[in-house]
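Participant: In the working numbering, the protein residues as written are 123 to 747. Please see the structure below; I have some questions.
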């Protein structure tokens, strides 16, 4: 019998660890007398539906199992209906978190389905393979012996078996062998299942039995990733540091066997980090690991109501200690729409988390998941949410639908101007002119909306132009500095082929720049390691920019200068070295250099206008692209 495991991912770079685990476990534990051939098929929700249907049909499987998640359920259900139309005799099963907790309802609305695998699926799928591989037709009795399934009986009634007892995680085979299958994809990996916490919005809290993969296996598997120089390994453990010894052993191994390339991503509870863990983290190579930390809210009533035990001051302290070393990417999460969180409360939560200055701040919106405690309490909290996946909040007792719309606009601004890490010097200085960070992003969102500007555009220059136009409206006195900070941010990221319209005229410094590179060709005072290149090559490979402001200084220093009305008396020349970049930020290495001679001419600035921005957007091209 041929069985096809189908995963429909959100993006091409994603892979579905679950279906690989199902296949690997079933094949390892398949009795010799079971005649089953298992295939995998991965697609994305962005692919043409007809092309996916044709590919599934071409494979001519006798049984198809679909992996279901909140973000692909509608797509999968549509595909199941179409598959059954063109493959009338095929047996179809579904599994995954999005169908596990309402399996009866799923079978009720999808008559095409034979059954649903509930929860942890490795052993369940292996049993199904045995049942279908041993017989041409499955008897009711055979399926009734399998825990962890809900299925359709021959008479049309729906039968539900008990949930399966959680398995030993070390029994799951390692699924990564041929890495060619995973080129240009994120590698997902797990060393534990279950979660010790009871967060009411999360399905992971339902599984209370924490299980950990044998460290001997983990070390061997980590070494495989390191040997193959995998760019990133994303741990899917729900709270990686919930067991100190386990986390420390893995982090020590990663540090001791660092290949200088591979990055490891972990979801952690920041308040659980202890001194030993933080000391180790602070010693790691920049870019070796990154941490995702779910804060969700800083409202104590909200935290209590969603059954969290987070200690905010400890989160703040631990995030600050890690950030101090500048070697770890930290990603902090907030959720809008939680109980007891009104607009004022959420603004405070936003500003609290923003003040921690993570590399990324994700502003998410509550999703009322099937099977979660929050789903049970939705009516009590007045939470109204979408009928279809992703079941996202529309409004609550505390937040109106208008508030949600407002926050979604703020989210877009945060993604564009904070999480992109393209405005790391301009944004902090501009933000200081507002009452608080949220106020700036809120006002910027209104500006985009009122002007009818595009949020989603491929042109980076467009975003710079719009931001500078916004700065002109809000603080015209600071425009000279804002323009220069925009130029600084742009050249930090890339050696732009064309000069941006908002940059100063570099012609007054042309001769000095040429002379600088000629001198550098002889002495290598600033560019060691470039010995094989001549002056013109050096100039193409790097960039030298002259600023009126000392843009390389800390934001608070520049802010103080602005407030005092201080005007710089001297120019600052900065060299951008693109062959040597910060491992954490990917910014070019910079050095303040001394030009061979002083320039008397005062450069002029290009004017950033809405017309410029719209012109850039229309072409989809920009100076920085």
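Glycine included, C-beta positions come from ideal geometry on N, C-alpha and C.
Between residue 244 and residue 144, is the Cβ-Cβ spacing less than 8 Å?
Facilitator: Result yes, Cβ atoms of residue 244 and residue 144 sit closer than 8 Å.
Participant: Would the beta-carbon of residue 220 fall within 8 Å of that of residue 192?
Facilitator: It is a contact, given that the beta carbons lie within the stated cut-off.
Participant: Could you tell me if residue 197 is buried or exposed, where buried requires 16 or more neighbouring beta carbons within 10 angstroms of its beta carbon?
Facilitator: Answer is buried; the Cβ neighbour count reaches 16.
Participant: According to DSSP, residue 387 sits in a beta bridge with which residue or residues?
Facilitator: The partner list for residue 387 (beta bridge, DSSP) reads 356, 412.
Participant: If you pair each beta-carbon of the segment 288-303 with each one of the segment 138-157, do three or more pairs fall below 8 Å?
Facilitator: The segment 288-303, when compared against the segment 138-157, does touch it at the 8 Å Cβ threshold.
Participant: Spatial neighbours of residue 637 within its chain, please: CB distance less than 7 Å, with the 5 preceding and 5 following residues excluded, ordered by chain position.
Facilitator: Here the set comprises 718.
Participant: Who pairs with residue 455 in a beta bridge, going by DSSP?
Facilitator: DSSP lists 416, 484 as partners of residue 455.
Participant: Name the two residues that bound the continuous alpha helix (DSSP H) containing residue 237.
Facilitator: Counting along the chain, residue 237 falls outside any alpha helix (DSSP H), though it belongs to the beta strand (DSSP E) covering 237-239.
Participant: What residues are listed by DSSP as bridge partners for residue 159?
Facilitator: Beta-bridge pairing links residue 159 to 124.
Participant: Within 10 angstroms of its Cβ, does residue 270 collect 16 or more other Cβ (buried), or is it exposed?
Facilitator: That one is buried.
Participant: Taking 8 Å as the cut-off, does the segment 543-560 touch the segment 619-634 (at least 3 CB pairs, one atom from each stretch)?
Facilitator: No: fewer than three Cβ pairs fall under 8 Å.
Participant: Taking all protein chains shown into account, decide if residue 524 is buried (16 or more other Cβ within 10 angstroms of its Cβ) or exposed.
Facilitator: Exposed is the call here.
Participant: Select from 569, 607, 450 the residue whose C-alpha is nearest the C-alpha of residue 595.
Facilitator: Nearest of 569, 607, 450 to residue 595, Cα basis: 569.
Participant: Which residues in the same chain as residue 475 place their Cβ atom closer than 8 Å to its Cβ, once the five residues preceding and following it in sequence are excluded?
Facilitator: The answer, listed in chain order, is 417, 420, 454, 456, 483.
Participant: By how many angstroms is the C-alpha of residue 160 removed from the C-alpha of residue 150?
Facilitator: So the alpha carbons of these two residues sit roughly 12 Å apart.
Participant: So, residue 256 versus residue 213, is the Cβ gap smaller than 8 Å?
Facilitator: Cβ distance not < 8 Å, so residue 256 and residue 213 don't count as in contact.
Participant: Check residue 438 in the structure and name its three-state DSSP category.
Facilitator: Helix, per DSSP.
Participant: Could you check what DSSP says for residue 725 in three-state terms: helix, strand or coil?
Facilitator: Reliability fails at residue 725, whose pLDDT of 44 lies under 50, so the model's placement of it is uncertain and the value that follows must be treated cautiously. Residue state, collapsed to three classes: coil.
Participant: Measuring only the C-alpha atoms, how far is residue 652 from residue 710?
Facilitator: Whole-angstrom Cα-Cα distance: 15 Å.
Participant: Under the assumption that residue 432 contacts residue 399 (Cβ atoms under 8 Å), give the Cβ distance between them as a whole number of angstroms.
Facilitator: Actually they do not touch by this definition, with Cβ atoms about 17 Å apart.
Participant: Can you give the beta carbon distance from residue 706 to residue 448, rounded, assuming they're within the 8 Å contact cut?
Facilitator: Right, their Cβ atoms sit about 7 Å apart.
Participant: Look at residue 402 and residue 365 and say whether their C-beta atoms are less than 8 Å apart.
Facilitator: In this structure, residue 365 does not lie closer than 8 Å to residue 402 by Cβ.
Participant: Let me know if residue 567 comes out buried or exposed under the rule of 16 or more other beta-carbons within 10 Å of its beta-carbon.
Facilitator: Classification for residue 567: buried.
Participant: Straight-line CA distance for residue 334 to residue 362?
Facilitator: Each residue's Cα considered, the two are about 10 Å apart.
Participant: State yes or no: is the beta carbon of residue 137 nearer than 8 Å to at least one beta carbon in chain B?
Facilitator: Checking the listed chains, one finds no chain B in this structure; it contains a single protein chain.
Participant: Can you say whether residue 170 is buried or exposed, counting buried as having 16 or more other CB atoms within 10 angstroms of its CB?
Facilitator: It counts as exposed.
Participant: Kindly indicate which three-state DSSP category residue 404 falls into: helix, strand or coil?
Facilitator: In this structure, residue 404 counts as helix in the three-state DSSP scheme.
Participant: Per the contact definition of three or more C-beta pairs closer than 8 Å, is the segment 600-611 in contact with the segment 558-565?
Facilitator: Judged by Cβ distances under 8 Å, the segment 558-565 makes no contact with the segment 600-611, as fewer than three pairs qualify.
Participant: From the DSSP secondary-structure annotation, give me the bridge partner or partners of residue 272.
Facilitator: Residue 272 is bridged to 238, 282.
Participant: Could you work out which residue in 584, 565, 479 is closest to residue 546 when comparing CA atoms only?
Facilitator: Comparing Cα positions, the closest option is 479.
Participant: Runs of 3 residues minimum, wholly inside the segment 517-558: which ones carry the beta strand (DSSP E) assignment?
Facilitator: As far as the segment 517-558 is concerned, it has no whole beta strand (DSSP E) run of at least 3 residues.
Participant: Helix or strand or just coil, what does DSSP make of residue 586?
Facilitator: Reduced to three states, the DSSP call for residue 586 is helix.
Participant: So residue 274 packs on residue 236, CB below 8 Å; how close in whole Å?
Facilitator: That pair is a contact at about 6 Å.
Participant: Do the segment 461-469 and the segment 515-531 touch if we need at least three Cβ pairs shorter than 8 Å?
Facilitator: At 8 Å Cβ cutoff, the stretches touch.
Participant: What three-state label does DSSP hand residue 666 in the structure shown?
Facilitator: Three-state DSSP puts residue 666 in a strand.
Participant: Below 8 Å between beta carbons: does that hold for residue 429 and residue 320?
Facilitator: For residue 429 and residue 320, yes; Cβs fall inside 8 Å.
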